[in-house]
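From first to last, the protein sequence lines are chains V and C.
Numbering of the first sequence is given in numbering that gives the first Met the number 0, commencing with residue 0 and proceeding in unit increments.
Numbering of the second sequence is given in numbering that gives the first Met the number 0, commencing with residue 0 and proceeding in unit increments.
Here is the structure we will look at, set down as structure tokens.
2 protein chains.
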Amino acid sequence: MERHSTLREQRRADTQRMIQAHAVRLFSERGFDTTTVNDVAAAAGVSAMTVYRHFPTKEDLVLADRTGAVITERIAATPAGQPLVRRVGGALVEAARAMTAGDDRFLLARLRLMIATPALRARHLDNHYVLQQAIVDGLGVDTGDPRARFRVQAAASACLAAMHTALEQWAADDGRTDLPDLIAQALAAAFGDETFR
Amino acid sequence: MERHSTLREQRRADTQRMIQAHAVRLFSERGFDTTTVNDVAAAAGVSAMTVYRHFPTKEDLVLADRTGAVITERIAATPAGQPLVRRVGGALVEAARAMTAGDDRFLLARLRLMIATPALRARHLDNHYVLQQAIVDGLGVDTGDPRARFRVQAAASACLAAMHTALEQWAADDGRTDLPDLIAQALAAAFGDETFR
DNA sequence: CCCTAATTGTTAGTCACTATCAGTGTGGTA
DNA sequence: TACCACACTGATAGTGACTAACAATTAGGG
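Right, dumping it as structure tokens:
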């Protein structure tokens, strides 16, 4: 007997995707602040409580994805011998490839909301910060030495900033450019290294 | 006739400081989430409306300060000839000197809240992002070239990350170390340059 | 076919925040 | 000094995000 039913998980995932799709559509049409959670629930044909059971906060309706997990997994799978920036940057580019494998328009709509809505931008940046700490942990650098910690935090932050700027550029280009390539360009420009491309 | 009375401004500033002092004390004692704005208002001896008139959101009771403005002012006063990291880093160290000129315990309490409370951390990071954009603008780099934009965004982000890590270290040290010096060390460690010290 | 458990809906409640109106005190002016 | 305009404050009612608790439904596994 399996502890978690695969069928139940499937249905649950479907419900989440359905609710999130309605939410992102409504937020894009009417604006995030002027759309209530009740509106989303009504559009999705469920009660407000069901929305909150799947998404802890209204912001999560836009922000929830697996990007952070994908990135940390790639970091862990990276050989430790390479320079820090190379390891992190490579993982970011690979994660972007996985991200853009799905529905580009949906990702684009979510990104635009994150950029345009202060509340979403703040939560998005906080996610980046948590991701940065996970990256630093995953890199396995000695955290006892303050100098090493300062160095790796700055490097990880610069990598994420490059990705963030590339994401904004990608959204401004309406997703016409190749996102992984754009991130590689951003990393190369930031660190003067063409090997990301 | 002066449009803005100096006396009125003085009283207003005093009221703000008084409310913020009560707020930070209560938040530190009981926790941010478990303390209501009404509690703060009652402790300060004013109505909740008065609190909202002085601080737009509950988070602003902790976050409101002039650090961002000080930093951008210093950036603008920096000679354009130096390397980007030097210009930004120097401004951050000077701003930290101005910050720590006041009440260290108060600044420390606020920092601890920002670190420990997710809602405050997100807003704090968003303030850093806004500051980052102001820094990039203030540096006067040509924003038309994507490569230059990528580079300067990453550099500014790395500088702010170094400052952020130094602030956390300073809070962990209970403010015993010298904050400007710690930031200079963080910048030096991140960029391999001893000239910040 | 039944039983357990996951999922959902309903209701009532807290709290952050806003809009509005009215009262109060202060600072400059006739 | 008397007055007046205006900044400041308080009270009230309301919206909306979010939580707790309980009941109802449904679906998967034996």
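Glycine included, C-beta positions come from ideal geometry on N, C-alpha and C.
Contact with chain V is absent for residue 51 of chain C, since none of that chain's Cβ atoms lies less than 8 Å from the residue's Cβ. For residue 50 of chain C, the enclosing alpha helix (DSSP H) covers residues 47 to 53. The beta carbon of residue 93 of chain C sits closer than 7 Å to those of 73, all from its chain and outside the five residues before and after it, given in chain order. At least 8 Å separates the CB of residue 110 of chain V from every CB of chain C. Secondary structure note for residue 121 of chain C: its alpha helix (DSSP H) is the uninterrupted segment 117 to 138. One thing to note: residue 25 of chain C has its Cβ within 8 Å of the Cβ of residue 39 of chain C. Sequence-ordered contacts of the region 136 to 147 of chain V with chain C read 145, 146, 147 [C-beta pairs closer than 8 Å].
Contact annotation for residue 185 of chain C against chain V: 149 [CB-CB distance below 7 Å, chain order]. Using beta-carbon distances, residue 133 of chain V does not count as an interface residue toward chain C, since no partner is under 8 Å. Interface flag for residue 46 of chain V against chain C is unset, since no Cβ pair is found closer than 8 Å. Per the C-alpha coordinates, the member of C:83, C:29, C:11, C:49 positioned closest to residue 137 of chain C is C:83. Going by C-alpha positions, residue 50 of chain V is about 21 Å away from residue 118 of chain C. What residue 180 of chain V touches in chain C, judged by beta-carbon distance under 9 Å, is nothing: the nearest beta carbon there is about 12 Å away.
For residue 164 of chain V, a Cβ of chain C is located within less than 8 Å of the residue's own Cβ. Between the alpha carbons of residue 116 of chain C and residue 18 of chain C lies a gap of roughly 20 Å. The beta carbon of residue 156 of chain V sits closer than 8 Å to some beta carbon of chain C. Taken in chain order, the members of the region 119 to 132 of chain C whose beta-carbon sits within less than 7 Å of a beta-carbon on chain V are 120, 121, 122, 124, 125, 128.
At a cut-off of 4 residues, the continuous stretches assigned as alpha helix (DSSP H) that sit fully inside the region 80 to 105 of chain V are 83 to 98. In this structure, V:132 is the residue among V:10, V:146, V:132, V:34 with its C-alpha nearest to the C-alpha of residue 68 of chain V. Between the alpha carbons of residue 97 of chain C and residue 79 of chain C lies a distance of about 22 Å. Proximity of chain V to residue 117 of chain C at the Cβ level (cut-off 9 Å) is accounted for by 125, in chain order. By the neighbour-count definition (other C-beta atoms within 10 Å, threshold 16), residue 179 of chain C is a buried residue.
Taking a 10 Å sphere around the C-beta of residue 159 of chain V, we find 16 or more other C-beta atoms and assign the residue as buried. For residue 174 of chain V, the three-state secondary structure derived from DSSP is coil.
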